[in-house]
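First residue of the sequence shown? That's 1358 in our numbering, and the numbers climb one at a time after it.
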Amino acid sequence: MRPPHYAPVSCGCPHPKHPKPKGIPVSANCPAAVVVLAAGEGTRMKSAMPKVLHEICGRSLVGHVLVAARELSPLRLVAVVGHESERVSAHLATIDPEVRTAYQAQQNGTGHAVRMALEELAGAGDSIDGTVVVVCGDTPLLTGATLARLADTHSAEGNAVTVLTAEVPDATGYGRIVRDGASGAVTAIVEHKDATDSQRAIREINSGVFAFDGQLLADALGKVRTDNSQGEEYLTDVLGILREAGHRVGACVADDHREIAGINNRVQLADARRVLNDRLLTEAMLAGVTVVDPSSTWIDATVTVERDAVVHPGTQLQGATHLGEGCEVGPNTRLKDTTVGAGARVDNTVADGAEVGEQASVGPFAYLRPGTRLGLKAKAGTYVEMKNATIGAGTKVPHLSYVGDATIGEQTNIGAASVFVNYDGEAKHHTTVGSHCKTGSDNMFVAPVTIGDGAYTAAGSVITKDVPAGSLAVARGQQRNIEGWVARKRPGSAAAKAAEAASRAPETPAGEG
Ligand code: UD1
Ligand code: CA
């Protein structure tokens, strides 16, 4: 059973590509457009990578924003790109191919950025009749539920613009929400840099998220000026312009101020990761997963879990990883794009692109690389590495082995310290081992080679030829004992004295050694 919020269901709107997690209130009317602002460089990140591409919990910052925006089922989703636009556009195309981009050549402010998005839509002949929601690409904690609440407030109150606000402990850097003393109505947003001392004392801030009437927004953006401390077109000025023209300006206060945090530097990036990780772990725990130590457990937003899974300390669950019912993972384990079957045990392991079957056992200290598939009750034990290998039900590779490019049948045992020699220096080759085989310790299987069902191989064998079903293969040098060699070649040594003592001692009867 997956937690309900992970299960995609149709949102009920006419757009089949917009699955929506259950339990999130769906706005009655899909917005005409959502505009995501992602053109800035993010100077304070001090990074060669554009700010919105930085990652937390398995998605880029802008990726989280797009997922939340999609929950509104907008008719159009437009991202404004500018700084390193090709790189940002390429990223957007991989995570959400339906996203359109508008190009903002120079970052002349948030108002200018939105103007570029509306011009892009107008140029393509697309209507902006109805609601246009604007979000910043650097607010990864924003949820679809909060966006839906904003859109609902906006339409219920019949506003020209509704701003999402929050009361924050430290408002430094944010635009302040100025309200009318008597009515409490929002009159303006004043940027920190432009604010007076008394305005800076206000703790209600602009989240940078708005719902607008699309046509009124387009008109007002044409009237925004640049006579402010940064010489930019501020989107926030649209509020004052609409209010002065007699339109309704509203506000929707976020329940949790942490949700609207904008990421500007790496300290805020780490804070946001911690908040989102806690949120995801809380959801997993409420869905029936035991997380022994939430403070040392990291989970991506894309991970899915079933009830009674147990996650031990120091575990990272990444990408499309899935934990089956009652499995146990960790401690000190990193699983990426890995499926763990019901009741399986994965201990001190790194796995990437692997499938661990039901009740299978992995580790401690195993490394499963892409294409590893362990069947029911199979085992990849201690210091075992596997790659592109299919291991049948009940088959065990218990100790110190490398299994690469192989297919192994059911109920077979691979002896300790064996290597599937898959690489001849130029190409990789495949090894096939049948069912119910017992291969000896310290075997080299030089691929391509096939071991038939029920076959045995002797310890220390280098298997270069196929082994027929039911045969014993012995492929090693014969042992030769040269008696008295130590006494002749190492006279007087400790070894020689021990050997001499052994020759004088009465023989130990068999069974008493
Ligand atoms: C903005 C708001 C501020 C609010 C804060 C919330 C304005 C004028 N200020 O300030 O009131 O409290 O967000 O986090 O709107 N961007 C562009 N093109 C531009 C400028 C910005 O696409 O020309 C994008 C950035 O990439 C970023 C977002 O807009 O994703 C916000 O820009 P940023 O410079 O971070 O604005 P703040 O100063 O934080
Ligand atoms: Ca910001």
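All C-beta atoms, glycine included, are put in the ideal place defined by N, C-alpha and C.
For residue i, the three-state DSSP class (helix, strand or coil)
{"i": "K1785", "result": "strand"}
{"i": "H1448", "result": "helix"}
{"i": "T1500", "result": "coil"}
{"i": "P1382", "result": "Note that P1382 scores a pLDDT of 48, beneath 50, so its modelled location is shaky and nothing firm can be said."}
{"i": "E1428", "result": "coil"}
{"i": "T1510", "result": "helix"}
{"i": "G1791", "result": "coil"}
{"i": "Q1716", "result": "coil"}
{"i": "I1598", "result": "helix"}
{"i": "P1755", "result": "strand"}
{"i": "V1581", "result": "coil"}
{"i": "N1689", "result": "coil"}
{"i": "C1684", "result": "coil"}
{"i": "H1411", "result": "coil"}
{"i": "A1666", "result": "coil"}
{"i": "H1679", "result": "strand"}
{"i": "N1634", "result": "helix"}
{"i": "E1742", "result": "strand"}
{"i": "I1485", "result": "coil"}
{"i": "Q1572", "result": "helix"}
{"i": "R1861", "result": "helix"}
{"i": "V1419", "result": "helix"}
{"i": "S1555", "result": "helix"}
{"i": "M1801", "result": "strand"}
{"i": "S1564", "result": "strand"}
{"i": "A1856", "result": "helix"}
{"i": "I1820", "result": "strand"}
{"i": "K1403", "result": "coil"}
{"i": "I1765", "result": "strand"}
{"i": "V1366", "result": "Confidence in V1366 is poor, its pLDDT being 36 and thus under 50, which makes the residue's placement too unreliable to answer from."}
{"i": "P1360", "result": "A caution first: P1360 carries a pLDDT of 39, below 50, which makes its placement in the model unreliable, though a value can still be read off. The answer is coil: DSSP assigns P1360 none of H, G, I, E or B."}
{"i": "Q1625", "result": "helix"}
{"i": "P1376", "result": "In this prediction, P1376 scores a pLDDT of 46, lower than 50, which makes its location untrustworthy; the coordinate-derived value is nonetheless stated afterwards. In the structure shown, P1376 sits in a strand (DSSP, three-state: E or B)."}
{"i": "K1734", "result": "coil"}
Anticipated Cβ contact below 8 Å, residue i with residue j, distance rounded
{"i": "V1686", "j": "V1668", "result": "5 Å"}
{"i": "T1769", "j": "H1793", "result": "6 Å"}
{"i": "G1797", "j": "G1772", "result": "5 Å"}
{"i": "K1744", "j": "P1727", "result": "7 Å"}
Whether residue i touches residue j by CB criterion (8 Å)
{"i": "G1645", "j": "D1495", "result": "no"}
{"i": "T1519", "j": "A1608", "result": "yes"}
{"i": "H1614", "j": "E1548", "result": "no"}
{"i": "T1814", "j": "A1804", "result": "no"}
{"i": "T1488", "j": "A1389", "result": "yes"}
{"i": "E1682", "j": "R1664", "result": "yes"}
{"i": "I1534", "j": "T1553", "result": "no"}
{"i": "Y1460", "j": "V1438", "result": "yes"}
{"i": "L1504", "j": "A1425", "result": "yes"}
{"i": "V1471", "j": "A1436", "result": "no"}
{"i": "I1598", "j": "A1568", "result": "no"}
{"i": "S1758", "j": "V1778", "result": "no"}
{"i": "V1422", "j": "L1499", "result": "yes"}
{"i": "I1413", "j": "L1637", "result": "no"}
{"i": "P1670", "j": "T1659", "result": "no"}
{"i": "G1415", "j": "P1407", "result": "no"}
{"i": "L1899", "j": "V1543", "result": "Residue coverage of the chain in this structure runs from 1358 to 1870, which leaves residue 1899 outside it and unanswerable."}
{"i": "H1679", "j": "T1661", "result": "yes"}
{"i": "C1684", "j": "A1711", "result": "no"}
heavy atom of ligand 1 below 7 Å from residue i C-beta
{"i": "G1494", "result": "yes"}
{"i": "G1619", "result": "yes"}
{"i": "H1511", "result": "no"}
{"i": "A1470", "result": "yes"}
{"i": "Q1461", "result": "yes"}
{"i": "V1686", "result": "no"}
{"i": "Y1591", "result": "yes"}
{"i": "Q1556", "result": "no"}
{"i": "T1467", "result": "yes"}
{"i": "G1420", "result": "no"}
{"i": "I1356", "result": "Absent from the structure is residue 1356, since the part of the chain shown begins at 1358 and ends at 1870."}
{"i": "Q1768", "result": "no"}
{"i": "A1396", "result": "yes"}
{"i": "Q1464", "result": "yes"}
{"i": "V1437", "result": "yes"}
{"i": "G1565", "result": "yes"}
{"i": "V1543", "result": "no"}
{"i": "V1391", "result": "no"}
Any non-hydrogen atom of ligand 4 within 7 Å of residue i CB
{"i": "I1546", "result": "For ligand 4, the structure offers nothing, since it holds only ligand 1 and ligand 2."}
Any chain C beta carbon closer than 8 Å to residue i
{"i": "R1472", "result": "Any reference to chain C falls outside this structure, which holds one protein chain only."}
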